[in-house]
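Participant:
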Amino acid sequence: MNRWYHSWVAAVRIARRDAWRFKGRSSLVLAMIALPILGVSAADVTLRSADLSAEQKMERGLGAADARMSDPGMGGVPILQAPDGFNKAPVKDYGEGIWPEGPGDIRAAFPAGAKTLKDSNGSGKLRTGHGLLNAVIHELDATDPMTRGMMTLEEGRFPAKAGEVAATTHFLQAGGLKVGSTVAARGLDTEYRIVGSYELPDALKADEVLAPPGTFLAPLDKALKADDLPGAETSSTYLVSVGGDGFTWNMVKKANSQGISVISRAVALNPPANSDVPLYQQDGWSNYQQSAASEAAALAVVATVVGLAMLEICLLAGPAFAVGARRSARQLGLVGANGGDRRHIRAIVLSGGLVIGVAAAVVGTVLGLLLTFALRPLLEDYMGKRFGSFDVRPLELIGIGLLAVLTGLLAAIVPAITSSRQSVLASLTGRRGVRRSSRVLPVIGLIAAGLGITITLYGATATDNVAVVAGGSALAELGIVALTPALVGLFGKLGRWLPLSPRLALRDAVRNRGRTAPAVAAVLAAVAGTVAVATYTASDDVQQRAAYEARLPHGVVTVLNAEGGGRDVPAIRAAVQKHFPVDVRADVDRIVVGNAGCTPYSDAKGCGRYEIFTPKDNRCALWAEGTPGSKELTPAERRKLSKDWRCEENGQYAEYDVLVADEKLLSVLAVDDPAAFSALKSGKAVSFDRRNVEKGQVGIKLITDTDKADLMVQKGKDAPGEIKLFPVHQAPQSATAYGLKVILPAPAAKAAGLNTAPVGAYFSTDELPNSTQQQKLEAALDALGTDGGLYVEEGYTSDNSIELLALAIFAGLVTIGAAGIATGLAQTDAEPDLKTLAAVGAPPRVRRTLSGFQCGVVAAMGVALGSAAGVLPAIGLRLTEERQQLKWYEEALDAGMGGVNDAPYVPIVVPWETLAALLVAVPVGAALLAALVTRSRTAVARRAAG
Amino acid sequence: MPEAMPGPMSQKSQQPQEPHESQQPVLRLEQLTRVHGSGATEVHALRGVDLSVFPGELVAVMGPSGSGKSTLLTIAGGLDSPTSGRVVVEGTDITTVGRKELAALRRRSIGYVFQDYNLIPALTAAENVALPRELDGVSARKARVSAVAALEEMGLGQLADRFPDEMSGGQQQRVAIARALVGDRRLVLADEPTGALDSETGESVLALLRARCDAGAAGILVTHEPRFAAWADRVVFLRDGSVVDETLRSQADSLLSGQAAAQ
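The listed protein sequences correspond, in order, to chains U and P.
Quick note: to get the numbering used here, add 370 to the position in the first sequence (first position is 1).
Quick note: to get the numbering used here, add 21 to the position in the second sequence (first position is 1).
1. Would you kindly work out how many angstroms separate the C-alpha atoms of U:LEU580 and U:LYS595, rounded to a whole number?
2. Could you tell me how far apart the beta carbons of U:GLY566 and U:ALA532 are, in whole angstroms, since I believe they sit closer than 8 Å?
3. Which first and last residues belong to the alpha helix (DSSP H) in which U:ASP1037 is found?
4. At a Cβ threshold of 7 Å, is U:ILE715 touching chain P?
5. Can you tell me whether U:LYS548 is helix, strand or coil according to DSSP?
6. Against chain P, does U:LEU795 count as a neighbour if the rule is that its beta carbon must be under 7 Å from one of theirs?
7. Leaving out five residues before and five after U:ARG1060 in sequence, what residues of the same chain have Cβ atoms less than 7 Å from its Cβ?
8. Using the Cα positions of P:ALA282 and U:THR1219, report the straight-line distance between them to the nearest angstrom.
9. Report the rounded CA-to-CA distance for U:VAL456 versus U:ILE468, giving the unit in angstroms.
10. Quick check on the DSSP output: the beta strand (DSSP E) that includes U:MET439 runs from which residue to which?
11. Determine the DSSP secondary structure at P:MET175, reduced to helix, strand or coil.
12. What would DSSP say about U:GLY443, mapped onto helix, strand or coil?
13. Smallest Cα separation from U:SER1168: which of U:THR1250, U:SER909, U:GLY925, U:GLY546?
14. Would you kindly work out how many angstroms separate the C-alpha atoms of U:LEU1183 and U:ALA1229, rounded to a whole number?
15. Let's test the definition: count the other Cβ atoms within 10 Å of the Cβ of P:ASP71 and tell me whether it reaches 16, buried, or not, exposed.
16. Leaving out five residues before and five after U:THR777 in sequence, what residues of the same chain have Cβ atoms less than 7 Å from its Cβ?
17. Any C-beta of chain P sitting closer than 7 Å to the C-beta of U:ALA887?
18. Can you grab the Cα-Cα spacing for the pair U:VAL952 / U:PRO940, in whole Å?
19. Report the residue from U:GLY499, U:THR1142, U:GLY629 whose alpha carbon sits nearest the alpha carbon of U:PHE480.
20. Name, going along the chain, the residues of the region 77–107 of chain P whose beta-carbon falls closer than 7 Å to a beta-carbon of chain U.
21. With respect to the beta strand (DSSP E) encompassing U:SER1168, which residues constitute its N-terminal and C-terminal limits?
22. When the distance is taken between beta carbons, is P:LEU202 closer than 7 Å to P:VAL209?
23. My assumption, with CB atoms under 8 Å, is that U:ASP1027 sits in contact with U:LEU1110. Please give the rounded CB distance.
24. Can you find the residues in the same chain that come closer than 6 Å, C-beta to C-beta, to P:ASP157, ignoring five residues on each side of it along the sequence?
25. Between U:GLN1145 and U:MET1082, what straight-line distance do the alpha-carbon atoms span, to the nearest angstrom?
26. Just the Cα atoms here: how many angstroms apart are U:PRO764 and U:LEU745?
27. Applying the 10 Å Cβ sphere with the 16-neighbour rule, what's the burial state of U:LYS1087?
28. With U:VAL858 and U:VAL838 assumed to form a contact (beta carbons below 8 Å), what rounded beta-carbon distance in angstroms separates them?
29. Just to make sure I have the definition right: I need the residues of chain U whose C-beta is within less than 9 Å of the C-beta of P:ALA125. Which are they?
30. Could you compute how far the alpha carbon of U:ILE407 sits from the alpha carbon of U:ALA729?
31. Expressed to the nearest angstrom, what Euclidean distance is found between the alpha-carbon atoms of U:GLY357 and U:SER843?
32. From the DSSP output, read off the bridge partner residues of U:MET516.
33. Can you name, in chain order, every residue of its own chain whose Cβ lies under 8 Å from the Cβ of P:LEU177, other than the five neighbours on each side?
34. Could you give the first and the last residue of the continuous beta strand (DSSP E) run that contains U:PHE1096?
35. For U:SER440, which residues from the same chain have a beta carbon less than 6 Å from its beta carbon, with the 5 sequence-adjacent residues on both sides left out?
36. So, at 8 Å on beta carbons, what are the nonlocal neighbours of U:ALA1234 in its own chain, with the 5 sequence-adjacent residues on each side left out?
If you want it as structure tokens, here you go:
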């Protein structure tokens, strides 16, 4: 029976054997297609494996228990929760009133007959071999079967009695400890022996110690509080085992009514319908689900990236197939003489793409799988969690593999059509003619390019929509790719001014557009992308540099740490002084309201806060808007007000706006105002914000009842609190303190009865601390167990340079690769010419120079076209951004937002260095490389059919 | 060489019959004209050539370089089209059919043997012979069976699984002849098939061609070696695109000796 696919069998056989016969070329193309496939399939397996099933998530969170019950801290009022147990809200809407707070009673909500296990977490600083290490202190009876699956024992055993702990392997590594060592918490004299090590499958990098219930957190908390320090901040939940059908949704709702939230295995595995979730019936929860539009947008981005990558690979691999078809022209002619029609010739060349595509799919996915399998422990460490399983999704991998096959086929399409159009006679006799390039393609290209540029211009000038510009640019670039053969023709006109070798190379490239154009297009696409990104980043970089606001004078170092009532501060100050090239050190203290251990903005009981009191007449009317009693303002009034001195905003922010310090701080901050120095010396405060000063005095308001204060502020009233007044010197407008508003001298603070605590220091340096010094200091601070709080003002540093360099190198490699392929093709074609040249007495080096120039010509054309094609979209994007920011700026002014004094600055900067490197260095490099690898001697009579 | 090599004379003495008027020719060329280029560069490759080849007949075409021998062959096989005139293969005028039918005709009716490198390097001998039928949509297994049968019939069975670069030049040419006549093909067009071979090997290739014609195929052999033309039933002499002389086998010897003396 005659079937169409039987002729394909023969075609595939020929293609398969040819691919094997020309291993070098085949492996090059195979690598080009297989590498991205390897990456994508490895990423697929990794993501799928790391994505846990509901069952696995529950096992890691709940162990063998049915549920975890926790107290959301809403004072035990009835609540509503989402099935996952994370989102919850009180049943009642408290609006602008005080929302319930405080502990509830978990025990009262336990289902009757349930088995429960307390699970507590706190934190503390533990002494290790390297100093102090912040760690989670976990109290749980790990020998209870309910905990099975939550932790994996690595070595030793879990702790069974008081005085024993187990630790995560990461903690042991970070602390330089091992099983058998002892560990102690700072502030508690008890030593704990480490009897085992374990890991948390979901948090491999967690620093945690595990102790039996009641043996660590309670004593530590007691000891810390005795020293008037913040306690161990313990929170407890309960693992619950109920048997039967597990912890059902109805049981969850019952617990909710008692103010307790629940994470339940049964509910997670069989979630209730949204209509059964009362929380989702409340206002504001209906649009909780992710919108379909954002998913579609993400999909479009992925599709575009995949599409462009495939286009690039096709453009690169296409010429390789063209070389193959050209070299086996006689073979294809023989097939024609034996009755193969165009269809069969196309099938043979396409089969070349199919064979390589399939091979690349298999090699890519198999290597991807093997690599992921082999590197699994490393990947898990990198992601910080164990895979749920080695999750291989055959359908997804087949889909990824099909992309490779598709890429191979697409790359072979143009060579296939070109070869099939060649007459049998010409193929057999090896006659070379100048093949006419398509007449339709340039027209399509011109239309696409014109349309794309129009859309881009429209997008850049008439809209502020970046997507329009991006879409238009992509269309224009495709159009220019299609126009490449015609543009290459235009380059031919330059030939007459060139010396012999480059002229020969250029003429040859132009006369054989069929092979030159795809290579030029490949270079074009890669360079256009690079230039677009480079131009955009360079412009953005200039903008960022202009927009950068130093937080401190250049080279100034601050260290601010409010932990533990400032007891580590002296050691921290000394460490900075020891490791950094410090010139002046200005110690600073902060105001403490409430207990000595209170950190700023703490909600803890007995802690309050302070604020600088701004006299009523100095307040900005804009900011008072919306509060009861204020009148609506017109946009014109808002614009006028935004220029008012009371509404000024310099955008600078300091962690502490009031610091207790002496005049050394002024010199570190480079404040050039002798009056301020003498003011501080004489015990007067210094203010840097004239709004806060009235009648030569500045007021600090001490707020002790923060709940009441919050309520008053919500109602637009002043927070209640005692105002302490200080005589003050107002620094001139020219002096800036980088967000710091008031400096109080210590004697004045003391005289006013303010409580203060050391918080850190400001340092001026002789030179910027170098990397070694910074590392040494970090190690010293780590050993103190502090969370840093170190800031070094290094001025604007651009982190784009590495990216730009990487992009330029990528574009260079693609260019050299594409130009090399085109040169190989040209040499195959030009073999008879070279023999003729040799016969008429040309020296052997002509061969080298010619191939060098052929390669250089392709690279130069691609880079020149690509640079032009890349600068345009970047400019379009910047223009759009400028329009967008101007619009926001106008809107902000109309809305009466203060502090928008400057119109947006969106510069367009062409990265000339990168462009120059691409335009000159890359073609020259490509040419030299091609000349270097070309043999000077002609090959001995080659078999034409080879 | 599997079979004893018979000389041209003994071969012909076994096949004494002349082509009959009653028989349909496999190939008929009528007033064939081919002009390359136009205006100043106009070249008349063929000027009104008439030629018929009957089943069982091997016709040699001779003539100096540029006389139009190869053009005649390419037009006869449908690889090139004439400026005017008719080419009838097995009753079909191939100048009137489309590209696809022409390719189909080459698969089913016309076989080519070129001077050298006739075989596709990526295919074994059997696969090369099977190629026209496979392209025609016959399943690979069926095509292979008939290809191996054809090779065995010609005494080339042992070459079936060899690739071209594992065969000698003579072996390759004989496999090419097997391919030219596989299936229902009855017309073999051979363009200097012995050109790249030494004379002894050349003789063996022609012996095979002669044997296939004796078995019923029709063949045209382009050559400029009188020695090889002696294997033919008829010799046609071309000069500047026209047939200047045509002789039957019975007269060929004397003519050939004259031709040989002239060269």
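Cβ coordinates follow ideal geometry from the N, Cα and C atoms, glycine included.
Being a predicted model, the structure only gives us computed values, none of them experimental.
Facilitator: So, to answer that:
1. Computed Cα separation, rounded: 22 Å.
2. Separation of the CB atoms of U:GLY566 and U:ALA532 is rounded to 16 Å, and the pair is thereby denied contact status at 8 Å.
3. Here residue 1037 of chain U turns out to be Ser, not Asp, going by the sequence shown. DSSP places U:SER1037 inside the alpha helix (DSSP H), whose first and last residues are 1034–1038.
4. Chain P, which has no Cβ nearer than 7 Å to the Cβ of U:ILE715, makes this no.
5. DSSP, read as helix, strand or coil, puts U:LYS548 in coil.
6. Closer than 7 Å: yes.
7. Around U:ARG1060: GLN1100.
8. Confidence at P:ALA282 is low in this model, with a pLDDT of 43, below 50, so its placement is unreliable and the value that follows should be read with caution. For the pair P:ALA282 and U:THR1219, the Cα-to-Cα distance works out to about 52 Å.
9. Note that residue 456 of chain U is Phe in the sequence shown here, rather than Val. Cα-Cα distance, rounded: 22 Å.
10. For U:MET439, the uninterrupted beta strand (DSSP E) segment begins and ends at 437–440.
11. Here P:MET175 sits in coil by DSSP.
12. Look at U:GLY443 here: in three-state DSSP terms it is coil, with no helix or strand label.
13. Among U:THR1250, U:SER909, U:GLY925, U:GLY546, the Cα nearest to that of U:SER1168 belongs to U:SER909.
14. If I take the Cα positions, the gap works out to 11 Å.
15. By the neighbour-count rule (16 or more Cβ atoms within 10 Å), P:ASP71 is not buried but exposed.
16. Here the set comprises ILE403, MET680, ILE683, CYS684, GLY727.
17. Judged by the 7 Å Cβ criterion, U:ALA887 is not in contact with chain P.
18. Their backbone Cα atoms lie some 16 Å apart in a straight line.
19. With distances taken between Cα atoms, U:PHE480 lies closest to U:GLY629.
20. Under the 7 Å Cβ criterion, the region 77–107 of chain P contributes THR95, LEU100, ASP101.
21. First-last for U:SER1168: undefined, no H or E at that position.
22. The answer is yes: Cβ separation under 7 Å.
23. Going by Cβ atoms, the distance from U:ASP1027 to U:LEU1110 rounds to 6 Å, so yes, they are a contact pair.
24. Taking P:ASP157 as the centre and dropping the five residues before and after it, the same chain places the C-beta of ARG128 closer than 6 Å to its C-beta, in chain order.
25. Those two C-alpha atoms are separated by around 47 Å.
26. A straight line joining the alpha-carbon of U:PRO764 with that of U:LEU745 spans about 20 Å.
27. U:LYS1087 should be labelled exposed.
28. So it is not a contact: roughly 30 Å between Cβ atoms.
29. In chain order: GLY709, ASP711.
30. If I take the Cα positions, the gap works out to 11 Å.
31. No statement about residue 357 of chain U is possible, as the shown extent of chain U runs from 371 to 1316 and does not include it.
32. For U:MET516, which the question treats as bridged, DSSP gives no partner whatsoever.
33. If we look at P:LEU177 and ignore the five residues flanking it on each side, its Cβ neighbours are PRO23, ALA146, GLN192, ARG195, VAL196, ALA199.
34. Per DSSP, U:PHE1096 belongs to the beta strand (DSSP E) from 1092–1100.
35. Here the set comprises THR607, SER631.
36. When the five nearest sequence neighbours on each side are left out, the beta carbons in the same chain lying within less than 8 Å of the beta carbon of U:ALA1234 are those of LEU1289, in order along the chain.
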